[in-house]
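As structure tokens, the structure follows; a few thoughts come after it.
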Amino acid sequence: MQVIEQQYFISVFAKPQNVRRNQKTHEQILDYMTKYLFTFSILIATMFKSIGQGTNKSVFLNVGLNFLNNKETHYTSNFRNGIGYNILIGYEYKTQNSINNISLTFLNAKTGNGNISTSNLLQPELIYEYLRTIPKSGINIGGYLDFGSLLNFRSGKWAAENSTNYTIWSSLGLSTQYQKAVNIGTQKLNWNTRFSIPAFSYLIRPSYTFPYTDNYLQNNVFEFDRTGLGSRILTGGRFAFLDKFLKTQFQTGFTIPTKNNKWELGLNYVFDYLQTNELKPVFQFGHQLNLTTKFIK
Amino acid sequence: MKYIACTMLLWILLASCNKEFNSPKNNSKDVFNSFWKYTDENYVYFDYKNIDWNDKKNEYLNKVSDNISEDSLFSICSSLLAELKDGHCILESKNQKFQYDFTKGYQTNFDLALIKSKYLKNNFQVKGFYTFGIINDTIGYVYYEKFKQGSYFAEVMQFFKEKNVSKIIIDIRNNGGGDPEIAQDMASYFVSQETLIGTIQHKGGKEHNNFSSKIEIKAIPKAVSFDKKVNVLTNRKSFSAASYFAGMVNNFPKIQLIGQITGGGGGGTAAYEMPNGWVVWITSNYFQDNKNNHIENGVIPNILIENTTSDISNQTDKMLEKAIEK
Chain A
1272 MQVIEQQYFI SVFAKPQNVR RNQKTHEQIL DYMTKYLFTF SILIATMFKS IGQGTNKSVF
1332 LNVGLNFLNN KETHYTSNFR NGIGYNILIG YEYKTQNSIN NISLTFLNAK TGNGNISTSN
1392 LLQPELIYEY LRTIPKSGIN IGGYLDFGSL LNFRSGKWAA ENSTNYTIWS SLGLSTQYQK
1452 AVNIGTQKLN WNTRFSIPAF SYLIRPSYTF PYTDNYLQNN VFEFDRTGLG SRILTGGRFA
1512 FLDKFLKTQF QTGFTIPTKN NKWELGLNYV FDYLQTNELK PVFQFGHQLN LTTKFIK
Chain B
5 MKYIACTMLL WILLASCNKE FNSPKNNSKD VFNSFWKYTD ENYVYFDYKN IDWNDKKNEY
65 LNKVSDNISE DSLFSICSSL LAELKDGHCI LESKNQKFQY DFTKGYQTNF DLALIKSKYL
125 KNNFQVKGFY TFGIINDTIG YVYYEKFKQG SYFAEVMQFF KEKNVSKIII DIRNNGGGDP
185 EIAQDMASYF VSQETLIGTI QHKGGKEHNN FSSKIEIKAI PKAVSFDKKV NVLTNRKSFS
245 AASYFAGMVN NFPKIQLIGQ ITGGGGGGTA AYEMPNGWVV WITSNYFQDN KNNHIENGVI
305 PNILIENTTS DISNQTDKML EKAIEK
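First to last, the sequence lines map onto chains A and B. At position 238 of the first sequence (counting the first as 1) the number is 1509 in this note's numbering, and the numbers step up by one without a gap. At position 242 of the second sequence (counting the first as 1) the number is 246 in this note's numbering, and the numbers step up by one without a gap.
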């Protein structure tokens, strides 16, 4: 047995420069995420200015750290720990009977250690939520639509076909929120807890050993220039109930209003668990600790 | 409300029951089993190579004890991997690496300096990994070192067209591979119409015989094409994408392969991290030529010939001379 010094990895679909390309793709998507976040901020500002005179509307910004444990079984037998940052920008429109909110979250993290097991994770997520208020209880119950993805780019010296992985979901789910105003001495504090769970999702995952979806590979003629790859990935998903896709979130936190009641500042903790059970599963625990800023009109 | 909460909790617990959730432990037997299992569920050539992987597990697992050293475990796993006889299968730890030596037992004597001085008379050009020139005023010769920077091949072909060569020799000896898309692109210079040059199938599930449907790969005619004779020179070190190229053009009517059987390497790899941080690469899809032949064990040339050590030391490249003559 002998180690061959000059080793070139053959890959028909993923090139030897895969790692470099992965890094580039990661940077490109990060760049897109920043642009979307900026565009979304403008959109929120516009909504804030125009909608619902005389109602309670607010914009909020959460910035924080994210501690992740991720296990992508396409790559690894282990949970990998990582740390990253997340930014959430949102808009809430509240009436006596209901709460509408829309938020966009970006998460960027690096997991693993050493030269051969690191991954860059990107998780953009857009959520629209509608809750009905149960009078005098502080409880709001409703549903949400969640469009998100977890993109996993393996870095380090991993030139192989399975160097990129993704979990893309569109979920319809149930959520509940509990809000309570607490007085500590003379200081008012708004406490908020939220729980959500998907009921039904459209889930896109790569095929068994490949970065592309099954339907792209069933095309029968491989396009080296990857013509039509994007649309085939987007149409290559499957409908999934909770037994196939689970992304549950629990968050709790508080905000303290300023004297003029225009601003609220606070802290927020989010526990997020994601799991797919399609072919090769992925598991991810996320713990976010955020600083919250809310501006109320 | 309580009923809803309990139902949700139960639902989550049920959904979470996935055996993959529990990671294997970082002890010798779990590491070995993880390595064996990943290979079992993802390697593509068990049936083609007639390997009884369960049998191999029993054979090698007996050598693994709880207090075995890391080096010994690496050696056992490497030996098991060597049973696949696949140059693309690699095991790597932080300070060790094993890759099957597919060139063992072959004489792969080759000297580019000799070709430059004796056959090209020191009149040659280098573009990327292509070294090219004219032999005997009429034969276009190009040596391709590795399948990278393939766009330069257009310039090589343009040069041959301008020189109005009667024959081309494409030398891919000692070419360890690279990007097979380049192999497909290069093959496209030698077709006058869209031509099937092979198929790819990839692993579709855990079972050894679970594959996707065949995906066709085609050569698309180029603006600059060559319809005269082409000799492709190969040796055992023509591996991976170089073997793909040999397999893609092997059935073209005006192309003949001359030299040694290629090194094979007929598939693409998937990489996986084991519980102790080692990484294993295994072949998870494979290429077949347009007559459904695997190229994993190498592509056999039409004319078999090899250089001995003394040929090269006597300043003779017999393989190239055969390609010039034929």
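Each residue gets a CB set at the ideal place from its N, CA and C atoms; glycine is no exception. As the structure is a prediction and not an experimental result, all values here were calculated from the model.
Rounded to the nearest whole angstrom, the C-alpha separation of residue 170(B) and residue 149(B) is 23 Å.
Cβ neighbours of residue 1469(A) within its own chain (closer than 6 Å, five residues either side excluded): 1442, 1444, 1518. Interface residue (Cβ-Cβ distance to chain B less than 8 Å): residue 1510(A) is not classified as such. Contact annotation: residue 1361(A) and residue 1369(A) have beta-carbon atoms that are not nearer than 8 Å.
About 16 Å separates the beta carbon of residue 222(B) from that of residue 205(B), a gap too long to meet the 8 Å contact definition.
DSSP, read as helix, strand or coil, puts residue 189(B) in helix. Put simply, of 158(B), 113(B), 78(B) the residue whose alpha carbon is nearest the alpha carbon of residue 100(B) is 78(B). Note on geometry: alpha-carbon atoms of residue 1544(A) and residue 1526(A) lie some 24 Å from one another. C-alpha of residue 1529(A) to C-alpha of residue 1460(A): approximately 10 Å in a straight line. Any Cβ of chain B closer than 8 Å to the Cβ of residue 1407(A) would place that residue at the interface, and such an atom is absent. Under the 8 Å criterion on CB atoms, residue 275(B) is classed as interfacial with respect to chain A. Taking a C-beta cut-off of 9 Å against chain B, the contacting residues of the stretch 1470-1486 of chain A are 1478, 1479, 1480, 1481, 1485, listed in chain order. The stretch 300-313 of chain B makes contact with the stretch 257-266 of chain B, as at least three CB pairs between them are under 8 Å. Residue-level contact by beta carbon holds for residue 278(B) and chain A, with a gap shorter than 8 Å. With fewer than 16 other beta carbons inside 10 angstroms of its own, residue 1406(A) counts as exposed. Listed along chain B, the residues sitting closer than 7 Å to residue 1554(A) by beta-carbon distance are 25.
The beta carbons of residue 1540(A) and residue 1560(A) sit closer together than 8 Å. Residue range 1410-1425 is occupied by the beta strand (DSSP E) that includes residue 1417(A).
Sequence-distant partners of residue 189(B) (beyond 5 residues in either direction) whose C-beta falls short of 6 Å from its own C-beta, in its chain, are 154.
Between residue 251(B) and residue 299(B) the beta-carbon gap is near 4 Å, inside 8 Å, which marks them as a contact.
Between residue 1357(A) and residue 1337(A), the beta carbon gap of about 5 Å places them in contact (Cβ cut-off 8 Å). One thing to note: residue 1479(A) has its Cβ no nearer than 8 Å to the Cβ of residue 29(B). The DSSP-derived three-state label of residue 1344(A) is coil.
Look at residue 1342(A): its C-beta is under 8 Å from a C-beta on chain B.
DSSP, read as helix, strand or coil, puts residue 312(B) in coil.
Annotation: residue 1503(A) to residue 1483(A) spans about 9 Å, alpha carbon to alpha carbon. Residue 1349(A) reaches chain B at 27, 277, 279, counting residues in chain order whose Cβ is nearer than 7 Å.
Only residues of its own chain outside the window of five on either side were considered, and among them 131 have a CB closer than 6 Å to the CB of residue 159(B), listed in chain order.
In the three-state scheme derived from DSSP, where H, G and I count as helix and E and B as strand, residue 328(B) is classed as helix. Residue 57(B) does not reach chain A, its nearest Cβ partner there being about 17 Å away, counting only Cβ pairs nearer than 9 Å. In this structure, DSSP gives residue 75(B) a helical state, which the three-state scheme calls helix. If you look at residue 162(B), you'll find it in the alpha helix (DSSP H) that goes 157-166. In the three-state scheme derived from DSSP, where H, G and I count as helix and E and B as strand, residue 119(B) is classed as helix.
Of the residues assessed, residue 109(B) falls on the exposed side of the cut-off, its CB having fewer than 16 other CB atoms within 10 angstroms. Judged by DSSP secondary structure, residue 1462(A) falls within the beta strand (DSSP E) whose first and last residues are 1458-1475.
Residue 207(B) reaches chain A at 1479, 1480, counting residues in chain order whose Cβ is nearer than 7 Å.
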